[in-house]
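Asks:
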Amino acid sequence: DGGITQSPKYLFRKEGQNVTLSCEQNLNHDAMYWYRQDPGQGLRLIYYSQIVNDFQKGDIAEGYSVSREKKESFPLTVTSAQKNPTAFYLCASSIVGYTLSEAFFGQGTRLTVV
Amino acid sequence: SQQGEEDPQALSIQEGENATMNCSYKTSINNLQWYRQNSGRGLVHLILIRSNEREKHSGRLRVTLDTSKKSSSLLITASRAADTASYFCATDAMDSSYKLIFGSGTRLLVRP
Numbered sequence: 016d017g018g019i020t021q022s023p024k025y026l027f028r029k030e031g032q033n034v035t036l037s038c039e040q041n042l043n044h045d046a047m048y049w050y051r052q053d054p055g056q057g058l059r060l061i062y063y064s065q066i067v068n069d070f071q072k073g074d075i076a077e078g079y080s081v082s083r084e085k086k087e088s089f090p091l092t093v094t095s096a097q098k099n100p101t102a103f104y105l106c107a108s109s110i111v112g113y114t115l116s117e118a119f120f121g122q123g124t125r126l127t128v129v
Numbered sequence: 010s011q012q013g014e015e016d017p018q019a020l021s022i023q024e025g026e027n028a029t030m031n032c033s034y035k036t037s038i039n040n041l042q043w044y045r046q047n048s049g050r051g052l053v054h055l056i057l058i059r060s061n062e063r064e065k066h067s068g069r070l071r072v073t074l075d076t077s078k079k080s081s082s083l084l085i086t087a088s089r090a091a092d093t094a095s096y097f098c099a100t101d102a103m104d105s106s107y108k109l110i111f112g113s114g115t116r117l118l119v120r121p
């Protein structure tokens, strides 16, 4: 089945550690996105990528890094520079034409700092 | 900053009633999309309305778009308990950035 997969579902990080969240899609979509969601809040854009080997910062990129070496994969690293990383992280993908089509979301990764 | 702001932030209605949620945005757009999120899950796409469209229907959903007021509304008719979720609008800005920006969401509770 086609879809977008995030792993792990739950992740615990110690202070000062870097952690990497995985996002894989087999929908052949060009665009991929990472969002952060805090409790009871909307989604804030961290990074996005329209094409392999290219990505742009969103509204809250500080303390995060990404790579896009393959069309199917867009991993997000939460670095120790991110002071408040506890949140729900959502990855999405969409077709890029003249405009954006609907986005497909993964089931999310809940990151907790311990 | 978030492009869209939803109103109300929370809405509680009785099963069978209609639910209306509003979204306002700041910049010119190519299209506006509505999504649903069940608690602790990913988002699911509901409907997309293009900037040259004024109204769109899908089952019990009706979406309107007023580009002069930079606003959209989502109407869910004959609501069911299973409609309980958070609803978000998202905009594809007309700036060739190809990024999808979400609003703050409306939490809908449908009481049986």
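Read top to bottom, the protein sequences are chains X and P.
Residue numbers for the first sequence follow the numbering used here, so the first one is 16 and each next one is one higher.
Residue numbers for the second sequence follow the numbering used here, so the first one is 10 and each next one is one higher.
Quick reminder that beta carbons are idealized off the backbone N, C-alpha and C, glycines included.
Computed from a predicted structure; not experimentally measured.
(1) Using the DSSP secondary-structure output, state which residues sit across from residue 93 of chain X in a beta bridge.
(2) So for residue 74 of chain X, helix, strand or coil by DSSP?
(3) Cβ closer than 7 Å: which chain P residues qualify as neighbours of residue 57 of chain X?
(4) Since residue 70 of chain P is in the beta strand (DSSP E), which residue starts that stretch and which ends it?
(5) What's the C-alpha gap between residue 114 of chain X and residue 57 of chain P?
(6) Please list the residues of the segment 46-58 of chain P that have a C-beta atom closer than 8 Å to any C-beta atom in chain X, keeping them in chain order.
(7) How is residue 16 of chain P classed by DSSP in three states: helix, strand or coil?
(8) Beta carbons nearer than 7 Å to chain X: which residues of the segment 22-46 of chain P have them?
(9) Can a CB atom of chain X be found closer than 8 Å to the CB of residue 101 of chain P?
Replies: The answer reads as follows:
(1) X/34, X/79
(2) coil
(3) 11, 97, 111, 112, 113, 114
(4) 70-75
(5) 12 Å
(6) 49, 50, 51, 52, 53, 54, 57
(7) strand
(8) 39, 40, 42
(9) yes
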